[in-house]
DNA sequence: GCCCTTGTTTCTGTATACAGCGTATGGTCT
DNA sequence: AGACCATACGCTGTATACAGAAACAAGGGC
């Protein structure tokens, strides 16, 4: 999602931050003039950012004009995870079924190995989880790259633009909960097996594995919902209306 | 993709038309001022439309600023079809697995029946295929509706925004080629079986069927590519760079 | 003859002014 | 006291003016 203009970019990043941090109430109409003061950009780039966030799905257009902060519920989270699973599964299958030069796989192998190294060294904690996130996202990026389709890549990019849909959305929860430590082991086994399936050109297996891999996010989410502390670790938790909501 | 403002909407529709009809060369930079004259709107709504078409994937941002008409190749077409299949398959599965009141299925049943009626009456030709398209799209909309997820719905909406990715993209080809007449029968069997699977809450079956259903588009595409006449029937064919391209 | 450089032109990105419309508020009538 | 209407405010959508940068063309140097 290449963006050139500096002001539009500023507005976009700041707005997204404002929304995700929950500083803007869900359902609240985003009036342009107050935001102009707040973000220090003029209306034109601000509006460009609003249009983009609308397309991204973080904002809802209001019938009479303008945008409001979009709210999500639990079912939306599950659906977003399933969507990512379906699309990344497709990517894995296409990667497996495609004609690949042996060298093409090098990056993916390296990504898996780099995760191996990290996991062997020490358990993942809330302090070093960002390094895990980085390498994990590299793995996912490699699979998408191997699928070799810009159309699919863009679609996935869009799917993970929702904060809680990204591949690493719940890694924070995972790191914080002792009972979730096994998830790292399981996830890494998925990574290895996906690589193996792509190498062996087993499309159906690669796809099924990648889908199940996305399912881990769902399991993490379910764990996270059990108590308020971990709930707040979910990205964009301010936008989510949980079913049985403890007092905020 | 609700749009309110009349000028922005005008610009969006006219621009899309201009691009799909091939009046703008692939790779051509879209300069704003000439378009302002051509479309009769000012720069502001025009730019809003450009941003939207960029998000939609019809335009490519140019690093130094502005947009260019995006080109596609055969592999992009196949990928777009697969993406739709994956997402609609997911929708069918969610619909099947979800708690549904019996009345919820009424619309889907009616959609299938309405297609039955149309197909029984007479063969689909280039003259009456638009009625088929309408009812076919209603079927697809019903499945998506039954999945009950706005997140998924938006994602599908985006996937089919590419002209050649929609559920009915190749129906025109189908109607024009005698050897493709069977496809209508097969597609309708898919429709019936998907309905049946959702009724029986057989998620995996619903998903597999819906995917295979999308695969019909691929088969139609392959048929269409065999000769120039049917190639030109493919929506947005002006944007597509075919592999062995006969002289245009 | 070719390449580099410089000046001009045209473009995008940005800011802002204006108009029409929805909305809220306060006053008045019943 | 409640409801309805009128007025005024604020908002979005639109148009346009301006500035900086990139592309292009022409001229001079090597």
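Protein chains in written order, with my numbering: chain C, 1079 to 1326; chain F, 1079 to 1326. Note that CB positions come from ideal geometry on N, CA and C, so glycine has one too. None of these values were measured; they are calculated from a predicted model.
Specify, as a first and last residue, the run of the beta strand (DSSP E) that residue i falls within.
i, result
"residue 1146(C)", "1145-1147"
"residue 1137(C)", "1137-1139"
Using only alpha-carbon positions, find the residue among the options that is nearest to residue i.
i, options, result
"residue 1099(C)", "1204(C), 1242(C), 1215(C)", "1242(C)"
"residue 1123(C)", "1137(C), 1134(C), 1189(C), 1091(C)", "1091(C)"
"residue 1230(F)", "1228(C), 1111(C), 1244(C), 1154(C)", "1154(C)"
"residue 1094(C)", "1313(C), 1217(C), 1254(C), 1253(C)", "1313(C)"
"residue 1088(F)", "1126(F), 1224(F), 1107(F)", "1126(F)"
"residue 1226(C)", "1176(C), 1263(C), 1249(C)", "1176(C)"
"residue 1262(C)", "1248(C), 1319(C), 1150(C), 1273(C)", "1248(C)"
"residue 1182(F)", "1137(F), 1118(F), 1131(F), 1277(F)", "1277(F)"
"residue 1141(C)", "1105(F), 1304(F), 1083(F)", "1083(F)"
"residue 1206(F)", "1250(F), 1109(F), 1217(F)", "1250(F)"
"residue 1134(F)", "1267(C), 1232(C), 1137(C)", "1232(C)"
"residue 1118(C)", "1131(C), 1103(C), 1085(C)", "1085(C)"
"residue 1179(C)", "1224(C), 1115(C), 1317(C), 1299(C)", "1224(C)"
"residue 1103(F)", "1187(F), 1130(F), 1138(F)", "1138(F)"
"residue 1275(F)", "1111(F), 1109(F), 1113(F), 1169(F)", "1169(F)"
"residue 1317(C)", "1110(C), 1136(C), 1301(C)", "1136(C)"
"residue 1267(F)", "1302(F), 1194(F), 1305(F)", "1194(F)"
"residue 1218(C)", "1279(C), 1306(C), 1269(C)", "1269(C)"
"residue 1158(F)", "1234(F), 1273(F), 1308(F)", "1234(F)"
"residue 1202(F)", "1271(F), 1260(F), 1311(F), 1121(F)", "1260(F)"
"residue 1297(F)", "1255(F), 1306(F), 1115(F), 1237(F)", "1255(F)"
"residue 1236(F)", "1112(F), 1132(F), 1115(F), 1107(F)", "1132(F)"
"residue 1187(C)", "1208(C), 1271(C), 1302(C)", "1271(C)"
"residue 1239(C)", "1130(C), 1303(C), 1309(C)", "1130(C)"
"residue 1222(F)", "1273(F), 1198(F), 1290(F), 1197(F)", "1273(F)"
"residue 1212(F)", "1301(F), 1244(F), 1198(F)", "1244(F)"
Measure the CB-CB distance between residue i and residue j and report whether it falls below 7 Å.
i, j, result
"residue 1192(C)", "residue 1215(C)", "no"
"residue 1295(C)", "residue 1171(C)", "no"
"residue 1166(F)", "residue 1288(F)", "yes"
"residue 1145(C)", "residue 1128(C)", "yes"
"residue 1189(F)", "residue 1220(F)", "yes"
"residue 1281(C)", "residue 1185(C)", "no"
"residue 1161(F)", "residue 1097(F)", "no"
"residue 1265(F)", "residue 1204(F)", "no"
"residue 1286(F)", "residue 1163(F)", "no"
"residue 1319(F)", "residue 1149(F)", "yes"
"residue 1315(F)", "residue 1309(F)", "yes"
"residue 1107(C)", "residue 1114(C)", "no"
"residue 1321(C)", "residue 1110(C)", "no"
For the alpha helix (DSSP H) containing residue i, name the first residue and the last one.
i, result
"residue 1115(C)", "1110-1117"
"residue 1088(C)", "1084-1098"
"residue 1128(C)", "1121-1134"
Which runs of the alpha helix (DSSP H) at least 4 residues long sit entirely within the region 1147-1186 of chain C? Give them in chain order.
1152-1175
For the region 1226-1313 of chain C, list the alpha helix (DSSP H) runs that are entirely contained and at least 4 residues long, ordered along the chain.
1228-1237, 1249-1254, 1259-1277, 1281-1302, 1306-1309
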